Every structure is written in structure tokens, then in C-alpha cells.
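>
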Amino acid sequence: MAAGELLPLVVAVPLLGSAVLVAAGRRLTRIAADALGAAFAAGTVALCVFALIGVLEGPAVAWAGGWRPKDGLGVGIALVGDPLGVGLAALASVVTVAAFVYSWRYLEEPPPRHAGGFPALLLLFQAGMCGFTLTGDLFNAFVFFELMSVVAYALTGYRVEEPRPLQGALAFGIVNSLGGYCMLLGIALLYARTGELGMAQIGRALGTGEPDALVLAAFVLVMTGLLIKAAAVPFHFWLPDAHAVAPTPVCMVLSGVMVELGVYGAARVYWTVFAGPGGVSHSSCTRTLLVIGVATAVLGAAMCWQQRHLKRLLAFSTIGHVGLFLIGVAVLTPEGVSGTALYVLGHAGAKAALFACVGILLARYGSVDEYELYGRGRELRLVGVLFGVGALALAGVPPFGTGLGKAVAEEAAGQQAPWLPAVFVLVSAVTGGAVLRAGLRVFGGAGPRPPAEKADGEPETSGAEEEPETGDRLGRVPGTMLAVPVALLAGALAVGVLPGFAAAVGAAGDHFADHTGYLGTVLGSGSALSHVSASPHWTAAGVVLDLVSTALAIGCAALAVWRPGRTGHPGASGWWTPIRRMQSGHIGDYVAWALAGVALLAVLTVPGMLL
8 MAAGELLPLV VAVPLLGSAV LVAAGRRLTR IAADALGAAF AAGTVALCVF
58 ALIGVLEGPA VAWAGGWRPK DGLGVGIALV GDPLGVGLAA LASVVTVAAF
108 VYSWRYLEEP PPRHAGGFPA LLLLFQAGMC GFTLTGDLFN AFVFFELMSV
158 VAYALTGYRV EEPRPLQGAL AFGIVNSLGG YCMLLGIALL YARTGELGMA
208 QIGRALGTGE PDALVLAAFV LVMTGLLIKA AAVPFHFWLP DAHAVAPTPV
258 CMVLSGVMVE LGVYGAARVY WTVFAGPGGV SHSSCTRTLL VIGVATAVLG
308 AAMCWQQRHL KRLLAFSTIG HVGLFLIGVA VLTPEGVSGT ALYVLGHAGA
358 KAALFACVGI LLARYGSVDE YELYGRGREL RLVGVLFGVG ALALAGVPPF
408 GTGLGKAVAE EAAGQQAPWL PAVFVLVSAV TGGAVLRAGL RVFGGAGPRP
458 PAEKADGEPE TSGAEEEPET GDRLGRVPGT MLAVPVALLA GALAVGVLPG
508 FAAAVGAAGD HFADHTGYLG TVLGSGSALS HVSASPHWTA AGVVLDLVST
558 ALAIGCAALA VWRPGRTGHP GASGWWTPIR RMQSGHIGDY VAWALAGVAL
608 LAVLTVPGML L
């Protein structure tokens, strides 16, 4: 079967699985529903792998219902499988399978009539993510965007009997719905300007002339929706609140894949739609993404260091790394894209594994508070080792994929501005050090015992006295819950060491950044690859910077544990208190910051607006 024929199945199979589970949910046991859901998710992984093999030499296109364009015009919906898009669909599917396996013995037993509820929602989430990575139609990108969002709201508030998950899901839903409305309005403006909805068709229509105010407004609105999904500053407030209350298997997918798809969407829309002369200039796009990326990276790292709630700590770590991904994309080169892709692959494995370890702590001790858990994790030696390895992977230690992706992306960024590699080193060190600090205290009982009580004026929950998501506390950790983080970290390591893998990702970056080639593939005119860059590879400078960030992470963690007065306790008063209080939990505040973000994007895209 040709790669183009497999693309619709990548979206259809998880949708079919969800429908089957909903129809048969009352008749299935929990084990049967989970096994059936995992089988559909794993089948999608296989389809993605076969499709990926078929598109390594160039993108493939599938037209829904056979409605192909005629003379370059048409109303058909295209699924476009380029190596990067299909690879991200495969990543989303792999992490979904990991979430299924992890949840077999994790989530508490639901009522029999709801046995298929969680697996069905997870398959719908997988279908939305796969469709978003493959669609060649801007309106259908919005449709899959909303499918992802709606299902994510439901999964975040899955424990509907508790008020906190409902509050987190509500904040998540309102802010991301605002992003969806902005994106839809931007699409409407592009349709008014070009009369097209296909990305390639819009890109062709904007390939001549000069950009006008309508096109620039559309760019700002579409980017707003995608950057809200990516949890970029100042749109990031929903992410820590959602992660603090979402079930751990859901956090694995949210942090491991979904927010990264917002970065992918921003890059895809720019390269495909706005990269022509009548779109948005490279300098404007670079300035916009670079400012947002640096702000996101620095604020995410600073807030990560100040957390003692382990889920919130990991959530802010994700925000910090999203900033680095945006910087890698902002340089608008194939090298930046391929380095960011490697970084995303390694980060997904490491971050999902860390959430799996935190889920084990919650299931065993009923807490995710770094201070309350002090020394209690000594008996979980394997979990402690996995947690430490995940922390070092976040810091960029070679030869993990995070280290290789960081090295390639920071080299590309350094050609844009010499100081950008320092941002990569600093953010990786602080986020990795924060996780390592928590691991030393929880699993090693290192340093003096920190005060268990919540600090005065600390605005967020500490994570103490949480309800285990397993119903009752676990006396013994099931093998499936241990196997998942082992496999995920092994995958993150494989990204950095497998021969030929980096070369394939480099070729994927070349195809992704080939604006003319994408248009030619979709519209049937054909086009040779316009640029072939050197394959991403380990360099001496990259290894040295990775080792520097790792050493800094270890040093920061050791200083925080054994000299807590030098670094301050998370939650203690300090210059960061006003920044922490912005994470207020009030939806109105988050909406206000989102609107401020729209204005910021407009100013960055059109500097003349400052006058």
C-alpha cells in the first residue's frame, strides 16, 4: 500500500477504535476496554511507521474522496505526509500507547458502564493529534485543533467528582477556546483574502505582491491560537494548573506531545502559508518567535525552580523547553528545524518518563510535595534511578536525544545571535537541576529536612495530601508502571545514538522548510528539493555545551539541597513572588494575559505599530 493511501488510516483507525469502545463500553470489562484501546493505538503506530518509510524520500498526498485540484483549483481536503509530520504522528501514537499501558493498573476502577470512557477519550485525543500533523487544509487544522482541545478538557477533568480537576479543566478550556476562536478568525481573514482554505493554495496566492494589513492580522490571530496551545508566554498560565490536576497518563501526553504540536503548527503554518513575498517576512517572523521563545524559556525555567509540587515543577519545565523549541524554529533554517525535531523527540521520552515516576509516588504515598516526600522514596530504588536519569536527560547530558537536539538547535541559533546558546545552556541547567534537586530529596533523603509546611504567601498548592489516582495507595508498584518509564527513557537515548536516525531527521527538516517543494507536491506541479543541509551530528562544541549544562544542573541541585540558604526554598518570599502571583488560578486574569499576548504579537510582527 502506498504511503498516501495510509495517511487517512492513521486518522481513521483511532477514531474507529473510539467509536467501538463507546458502543461496546457497557459490555466490556476495564481490562478488555484498556486492551482494545491499546491495540487500536498500537495499530496506528504501525501505520505511522509504514507511512514514514514511504515518505522518507519526499512527501505524499492523499485527497479525501478523490477530490483532486483541477488546474490548481479545488475544494478537496488534502492530507500531506512529509517526514516530519508523519514522524510527529508516530511520536504522538507511541506516547499514547505508553499512556494506555501505564493506566492499566493506575487509574481507579470506573463504574462498569464507563469502562470504555477513558480509553475512548484517549483514542480521540490520538486521532486529533495525528490529524493535526497531517492535514494540508488550514480549516481542518482548526478542526483537529479543537478535537484535541475538547478531548483534553475532558481528560483533564476526568475525576469529575473533585472540584480541583474541574477548575483546572475549566481554565484549560476557556483559554484554549479563546485561542481556537482567534485561529478561526485568522483563517476567515485568509479565506477572504485568497478564497482558499488549503495551505498550499493559500501559500501560492500569497506568493506574489506585498503583505497587507489583512494578511498580517491573520498571521497574528492564527499564531495566537497555536502559541496558546504551545503554552508560550504570556499564554502559558493554563498549563501548570491543568497538569496539577490531570491524571498522570494524561500529563504524559499533554507535556510529551500536545504542547509541542503548537510549536509544530506555528512552524508549519509559517513555512507553508506565510513564507511567500505576499506573506510575512522572515525577519518579522524571526523577531516574533525569538522574543516569545526567549521569554518563555527564561520564565519557564525560573518558575520551574520555584516549585515544590512535582507535577507543577515538570509543567514549568515543559514551558521552559517550549521556549527553546520556539528559538530553534525562529531561526527559520532547516538546521534549526531538524535540531528542534530531535530535541522534541528526546524531550517527549524524558518528560513522559518523569511524569510516570511522579505518578508512582502519588499512587504510593498520596503526595507530590517535594518536602513532604523527603526520604520516603528510598525504597523505590529503580524509580529513583529513572527519575535521576530523566533529570539528566532534561539537562541535555550526552548521548541522549535531548543533548543532540539541544546541540544542533543551539548551533543554528548561535548563527542568528551569539548569545542564544547561553539561553539553551541556562534553561537546560535550571530545569534539569530543579528535577534533580527534587529527586535527591525524595529518593535520597539528601541534605537537611526542608520545612513541610507551606511557606507564607505561597500562592500555589504544595502537592501534599493528594488523592491517589489508583483509588487506594499501592503497596507494590505494578510492572507495567515501571516498564513504561524504562521504555520511554530508552527511546530518548536511542534518538541520540542510533546510526542514521539523525540523518533521517535532517532530511525531514529539509523537506519541511522547502516552501516551493510543499506547494509543488500538493498542487501537482512537482519540485525538486531546493536545499540539502548537512546531517545533524554530534560536534565537539555541542558535547562541551551539553556537559556544561549537565554540570551546572548537578551543581545547582547540590547547592539547593546542601546549602538551601543560598538558593532559597521554593515558595519562599523573594523578587519572584509577584511573578508567581500571576499564576493566580483566576480565569479572568488568564484571559486578560492572553489578550495582552495578542497585542504583543501584533507589535512584534509590525514594529511600526509602536509609533
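Whatever position you read off the sequence shown (first residue = 1), add 7 for our numbering. We put the beta carbon where it would ideally sit given N, CA and C, even for glycine. For clarity, every value in this text was computed on a predicted model and none was experimentally measured.
Between which two residues does the beta strand (DSSP E) carrying A69 extend?
A69 -> beta strand (DSSP E) spans 67–70.
> From the DSSP secondary-structure annotation, give me the bridge partner or partners of G187.
G187 pairs with nothing; no bridge assigned.
> Just the C-alpha distance for A159 and G24, rounded to the nearest angstrom, thanks.
Taking the straight line from one Cα to the other gives about 17 Å.
> Could you say which of I586, T528, G216, W600 lies nearest to V68 if we only look at CA atoms?
Ranking the options by Cα distance to V68, first place goes to T528.
> Using three-state DSSP, classify A601 as helix, strand or coil.
Helix, per DSSP.
> Decide if L380 is buried, meaning its Cβ has at least 16 other Cβ atoms within 10 Å, or exposed.
Buried.
> Taking DSSP as the reference, what is the three-state secondary structure of H544?
Looking at H544 - three-state DSSP - the assignment turns out to be coil, as it is neither helix nor strand.
> Return the chain-ordered list of same chain residues with a C-beta closer than 6 Å to the C-beta of V257, the five sequence neighbours on each side being excluded.
Closer than 6 Å at Cβ, skipping near neighbours: L162.
> Would you tell me roughly how many angstroms separate the C-alpha atoms of P455 and Y525, rounded to the nearest one?
Their backbone Cα atoms lie some 58 Å apart in a straight line.
> With a cut-off of 8 Å on the beta carbons, I'd call G175 and G285 a contact; round off their distance for me.
Between G285 and G175 the Cβ distance is about 42 Å, and since that is not below 8 Å, they are no contact.
> Got a sec, what are the start and stop residues for the alpha helix (DSSP H) G482 sits in?
Note, G482: premise wrong, no alpha helix (DSSP H); not H, not E.
> Quick one: what's H316 bridged to in DSSP?
H316 pairs with D376.
> Terminal residues of the continuous beta strand (DSSP E) containing G285?
Looking at the DSSP string, G285 is not in any beta strand (DSSP E), and its letter there is neither H nor E.
> Beta-carbon separation of Y109 and T523 under 9 Å?
Not in contact: Y109 and T523 (Cβ atoms no closer than 9 Å).
> Between A97 and V62, is the Cβ-Cβ spacing less than 9 Å?
Going by C-beta atoms, A97 is not nearer than 9 Å to V62.
> Going along the chain, which residues of its own chain have a beta-carbon closer than 8 Å to the beta-carbon of S184, five neighbours each way excluded?
S156, listed in sequence order.
> Alpha helix (DSSP H) containing V240: first to last residue?
From DSSP, V240 is part of no alpha helix (DSSP H); its letter is neither H nor E.
> How about the segment 365–384 and the segment 322–335: do they share at least three Cβ pairs that are nearer than 8 Å?
No, the segment 365–384 does not touch the segment 322–335.
> Give every residue of the same chain whose Cβ lies closer than 7 Å to the Cβ of A48, excluding the five residues on either side of it in the sequence, and list them in chain order.
So the qualifying residues of the chain are P21, S100, T103, V104, F107, L130, Q133.
> Just list the residues that DSSP pairs T142 with in beta bridges.
According to DSSP, which records beta bridges pairwise, T142 is partnered with L86.
> In this structure, does DSSP put G232 in helix, strand or coil?
Here G232 sits in helix by DSSP.
> Could you check where the alpha helix (DSSP H) with M589 kicks off and where it finishes?
Premise fails: M589 is in no alpha helix (DSSP H) and is neither H nor E.
> Would you list the residues sitting across from G205 in a DSSP beta bridge?
In the DSSP output, where bridge partners are listed per residue, G205 has D144.
> Judging by CA-CA distance, which residue of L177, A148, G452 is the nearest neighbour of L387?
Selected option, being the one with the closest Cα: G452.
> Would a C-beta distance cut-off of 9 Å place L321 and H250 closer than the cut-off?
Contact flag set, yes.
> So L28 and L43 are supposed to be a Cβ contact under 8 Å. How far apart are they, rounded?
The Cβ separation is near 6 Å, so the contact holds.
> How is the alpha helix (DSSP H) around G391 delimited, first residue to last?
Segment 388–402, the alpha helix (DSSP H) holding G391.
> Taking the alpha-carbon positions, what's the G440 to G391 distance?
About 15 Å.
> Got a sec, what are the start and stop residues for the alpha helix (DSSP H) D517 sits in?
Its alpha helix (DSSP H) spans residues 508–519.
> May I have a chain-ordered list of the alpha helix (DSSP H) segments no shorter than 4 residues that lie completely inside the segment 42–68?
Segments of the alpha helix (DSSP H) lying fully in the segment 42–68: there are none.
> Spell out a yes or no on whether the segment 563–572 and the segment 186–201 are touching, meaning 3 or more CB-CB pairs, one atom from each, closer than 8 Å.
Segments in contact, no.
> Considering only the beta carbon of each residue, do V502 and L95 sit closer than 9 Å?
Cβ atoms of V502 and L95: not closer than 9 Å.
> Just the C-alpha distance for A127 and A541, rounded to the nearest angstrom, thanks.
Computed Cα separation, rounded: 43 Å.
> To the nearest angstrom, how far is the alpha carbon of G384 from that of F450?
Going from the Cα of G384 to the Cα of F450 covers about 4 Å.
> Measuring CB to CB, does L268 end up less than 9 Å from T347?
For L268 and T347, no; Cβs fall outside 9 Å.
> Is it buried or exposed for V539, if we count other Cβ within 10 angstroms and need 16 for buried?
Burial call: exposed.
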